[in-house]
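Numbering (the numbering used here), first residue to last: 4 to 217.
Written out as structure tokens, the structure is:
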């Protein structure tokens, strides 16, 4: 009985924590929005067209649109705020608490799959990756990595021998966008500062995968 009361107390504290964090991230997002600039980067396509002179198919660069980075970063914080606020709602929190008792936290994987993928796209664009197809694939691969965390928890509830296949598959999917980012950094010789920043972001984003160990 005492153990159950302790669990309930911790869950109630967790609900309050999510409500506080929702307000905190919302405030962050609003401040960033007010301080934001109109800095943007191009999203490009390289569709093939027939070159009448060489009579060969040639990729033609075309700017599809300009993507503002400030709205993207603000969106990252707003997504996080919405996720925390949603979890704090009574009906949703009951579902959240029920899954926590089973050793699963599906809500975090839902939020991480979107927010961390948005941040990865921002980092990719800052190192010069503008191709729309590449950006979509990088977003998708990162989201896949996070969703493998969901599968990891789903398949390993109440088991003695943990199956790590989902974790390693997710790790492979998640590391590939960083290989591409690394290639761009090295090719452009933006090595010292760029690699330092990118390595920090890599470790920060990959801490999501380490939560599978908890």
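Idealized CB from N, CA, C, for every residue including glycine.
These numbers were taken from a predicted model, which means no experiment stands behind them.
DSSP three-state label for residue i, please.
i, result
"residue 3", "Missing from the structure shown is residue 3; the chain here goes from 4 to 217 and no further."
"residue 143", "helix"
"residue 63", "strand"
"residue 36", "helix"
"residue 92", "coil"
"residue 70", "strand"
"residue 49", "strand"
"residue 18", "helix"
"residue 183", "helix"
"residue 42", "coil"
"residue 160", "coil"
Quick check: what's the CA-CA separation for residue i versus residue j?
i, j, result
"residue 81", "residue 25", "9 Å"
"residue 173", "residue 167", "10 Å"
"residue 72", "residue 79", "11 Å"
"residue 118", "residue 20", "19 Å"
"residue 99", "residue 132", "37 Å"
"residue 159", "residue 106", "9 Å"
"residue 96", "residue 156", "18 Å"
"residue 55", "residue 114", "49 Å"
"residue 58", "residue 39", "47 Å"
"residue 10", "residue 148", "30 Å"
"residue 189", "residue 163", "44 Å"
"residue 161", "residue 62", "53 Å"
"residue 28", "residue 18", "15 Å"
Nearest to residue i by CA position, among the options, is which residue?
i, options, result
"residue 51", "39, 42, 64, 43", "64"
"residue 142", "53, 127, 151", "127"
"residue 101", "42, 74, 14, 66", "14"
"residue 134", "116, 109, 184, 146", "184"
"residue 187", "146, 137, 148", "137"
"residue 124", "110, 30, 140", "140"
Leaving out five residues on either side along the sequence, give the residues of the same chain with a beta carbon under 8 Å from the beta carbon of residue i.
i, result
"residue 144", "176, 177, 179, 180"
"residue 121", "75, 78, 79, 82, 142"
"residue 70", "43, 44, 45, 46, 128"
"residue 22", "87, 88, 91"
Name the DSSP bridge partner or partners of residue i?
i, result
"residue 121", "Answer is none; residue 121 lacks a bridge partner."
"residue 3", "This structure gives no information on residue 3, because the portion of the chain shown stretches from 4 to 217."
"residue 54", "59"
"residue 134", "47"
Please go through the same chain and pick out, in chain order, the residues whose beta-carbon is closer than 7 Å to the beta-carbon of residue i, but skip the five residues on each side of it.
i, result
"residue 36", "77"
"residue 32", "77, 80, 81, 84"
"residue 154", "169"
"residue 67", "46, 47, 48, 135"
"residue 41", "71"
"residue 53", "60"
Report all residues from its chain with a CB closer than 6 Å to the CB of residue i; omit the five preceding and five following residues, and keep chain order.
i, result
"residue 151", "169, 172, 173"
"residue 89", "95"
"residue 146", "116, 120"
"residue 108", "none"
Quick one: is the Cβ of residue i within less than 7 Å of any heavy atom of the ligand MN?
i, result
"residue 51", "The ligand MN is absent from the structure shown, which contains no ligand whatsoever."
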